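Shown next, in structure tokens, is the structure this report addresses.
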DNA sequence: GCTAAAGTACAACGATCGTTGTAACTACGC
DNA sequence: GCGTAGTTACAACGATCGTTGTACTTTAGC
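Protein chains in written order, with the UniProt record's numbering: chain B, 1 to 200; chain W, 1 to 200.
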């Protein structure tokens with residue numbers, strides 16, 4: 001296996017290590033071992049550690065964003081019961097697809113390390129990942145507003161609010177994974193707050 | 001100045017460096033220089049780097065939580081117009097008091113590095129900081145619910161939702177600081193969403 | 001099968017860093 | 001004023017790590 005796949009395996013291994021240890025803690029040798037690859041190969045592909053990191057966050061953001069766009073498309077194209085569909089969408093969104101834990105851990109690393117990443121790389125990452133998803137979500141919400149189901153002044157901010165209420169506050173401090181029941185509970189209450197608020 | 005203040009100066013300098021660089025990147029010598037202190041003094045006070053970090057996050061969380069509890073007390077004790085008071089409270093909350101930027105950068109560092117911090121330290125930090133604030137906020141919200149102003153099943157989750165809608169999504173990717181107008185806009189729309197939701 | 005490209009193993013470098021020991025120095029309590 | 005405890009400057013250590021060079025081996029394409 002000379003040419004094929006090596007690059008992808010390096011990206012996968014680097015994602016694991018960067019997500020777990022962060023940029024500064026992560027060591028090139030550990031990444032190489034995780035990817036079952038020589039450290040020299042790693043340098044041949046990505047130049048240096050910073051280049052590898054940029055490639056990893058870009059690839060991870062792009063891949064997860066694509067998956068989330070598909071989920072948006074799937075659940076929010078033809079809605080019958082808005083609240084039920086939003087709940088189903090939120091549950092699907094938050095339920096761990098493979099690598100979701102690693103991805104969101106990497107997001108936390110990027111958030112923490114933003115000051116040490118070139119601005120252009122951060123911008124590209126945000127554009128390919130969170131912003132793309134937020135924009136797509138905003139588009140759907142705007143449609144619902146046009147249909148008279150919602151009242152929205154700023155769709156982009158509404159999409160942000162939805163994301164926060166649905167996926168917010170799971171920095172996963174505790175080691176254990178989140179149970180499906182917790183996800184259902186969090187999404188249900190989040191969607192309810194998004195739609196109806198807390199006023200009596 | 002032998003005994004006095006040294007410890008506090010170390011904590012302040014370490015807060016600055018840890019918040020900016022993160023635990024792994026931060027170097028003891030840089031922290032010592034930032035605090036105008038010998039690195040040996042630092043070890044005499046805190047044992048090692050991990051001990052210093054634990055002291056820093058604990059102190060920062062405790063101090064900021066106390067300030068935020070005071071803001072809650074100040075704005076939400078006697079409310080006349082709930083929405084207006086919540087907006088005023090949110091603006092006061094989010095408007096940078098000194099060190100607020102450093103504190104929230106440190107929070108991001110803790111979120112990213114949670115896997116490398118002893119569980120007990122993370123628990124103590126969360127208890128002294130975010131959870132204490134959330135609990136106090138939940139208490140006020142529960143009072144509003146008892147007064148018939150809000151409809152709340154789970155006050156703690158409602159407090160979480162409020163925090164997310166008000167202070168969420170400012171990972172400060174861009175270098176520039178947030179303008180007061182942006183804060184006002186974000187808080188106003190956040191409070192509106194919290195109270196009324198987006199349903200028509 | 002041959003050749004060029006890609007991958008590997010291995011050693012080595014310079015740099016950074018956490019941590020400790022030590023001896024000199026300084027401030028504060030009595 | 002003196003002594004004790006805190007502070008400093010300084011050197012040194014072992015360890016880790018990013019990165020490079022090189023010689024060797026493997027793989028893929030023709």
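Every residue, glycine too, gets a C-beta built ideally from N, C-alpha and C.
Here the structure is a predicted model, which is why all the values come from computation and not from measurement.
Within 10 angstroms of the beta-carbon of residue 35 of chain W lie 16 or more other beta-carbons, which makes it buried.
Between residue 194 of chain W and residue 144 of chain W, the gap from beta carbon to beta carbon reaches 8 Å or more.
In the displayed model, residue 41 of chain W falls within a helix according to three-state DSSP. If you compare the alpha carbons of B:5, B:168 and B:160 with that of residue 198 of chain W, the shortest gap goes to B:160. Comparing C-alpha distances from residue 135 of chain B to each of B:66, B:189 and B:11 shows the shortest one belongs to B:66. Residue 16 of chain W and residue 140 of chain B have their alpha carbons spaced roughly 42 Å apart. For residue 58 of chain B, no Cβ of chain W is located within less than 8 Å of the residue's own Cβ.
Excluding residues up to 5 positions away in sequence, 155 lie with their Cβ nearer than 6 Å to the Cβ of residue 142 of chain W in the same chain. CA-to-CA, the gap between residue 82 of chain B and residue 187 of chain B works out to about 14 Å. Per DSSP, the beta bridge partners of residue 150 of chain W are B:199. For residue 101 of chain B, no CB of chain W lies under 8 Å from its own CB, so it is not counted at the interface with that chain.
Minimum Cα-Cα distance from residue 60 of chain W among the listed residues W:151, W:123, W:106 and W:131 corresponds to W:106. Residue 102 of chain W sits buried, since 16 or more C-beta atoms from the chains shown fall within 10 Å of its C-beta. The DSSP-derived three-state label of residue 99 of chain B is coil. Contact between the segment 86–93 of chain W and the segment 63–78 of chain W is present: 3 or more CB-CB pairs across the two stretches fall below 8 Å. Taking C-alpha positions only, residue 112 of chain B is separated from residue 133 of chain B by approximately 21 Å. Residue 42 of chain B sits close to residue 28 of chain B, with the two beta carbons spaced by under 8 Å.
The three-state secondary structure of residue 189 of chain B, taken from DSSP, is helix. Here the alpha carbon of residue 6 of chain W sits roughly 17 Å from the alpha carbon of residue 54 of chain W.
For residue 41 of chain W, no chain B residue has a Cβ inside 7 Å of its Cβ, as the nearest lies near 25 Å away. Within its own chain, the residues whose Cβ lies closer than 8 Å to the Cβ of residue 121 of chain B, once the five positions on either side in sequence are excluded, are 54, 57 and 58, listed in chain order.
The shortest C-alpha to C-alpha distance from residue 166 of chain B to any of B:47, B:191 and B:138 is the one to B:191. Using beta-carbon distances, residue 76 of chain B does not count as an interface residue toward chain W, since no partner is under 8 Å. If you look at residue 92 of chain W, you'll find it in the alpha helix (DSSP H) that goes 82–94.
Scanning chain B for C-beta atoms nearer than 7 Å to the C-beta of residue 109 of chain W yields 112, reported in chain order. The C-alpha of residue 37 of chain B is placed about 12 Å away from the C-alpha of residue 44 of chain B. Assigned with DSSP and collapsed to three states, residue 129 of chain B falls in coil, not helix or strand. Chain-ordered, the chain W residues with CB closer than 8 Å to the CB of residue 194 of chain B read 193, 197 and 198. Nearest neighbour of residue 116 of chain B by Cα position, chosen from W:79, W:9, W:26 and W:13, turns out to be W:26.
Within chain W, 189 have C-beta atoms less than 8 Å from the C-beta of residue 154 of chain B, given in sequence order. Under the 8 Å criterion on CB atoms, residue 90 of chain W is classed as non-interfacial with respect to chain B. Per the coordinates, the alpha-carbon of residue 184 of chain W lies some 10 Å from the alpha-carbon of residue 178 of chain W.
Interface criterion not met: the Cβ of residue 13 of chain B is under 8 Å from no Cβ in chain W. For residue 157 of chain W and residue 126 of chain W, the gap between their C-alpha atoms comes out near 16 Å.
Beta-carbon to beta-carbon, residue 148 of chain W and residue 62 of chain W are separated by about 35 Å, too far to satisfy the 8 Å threshold.
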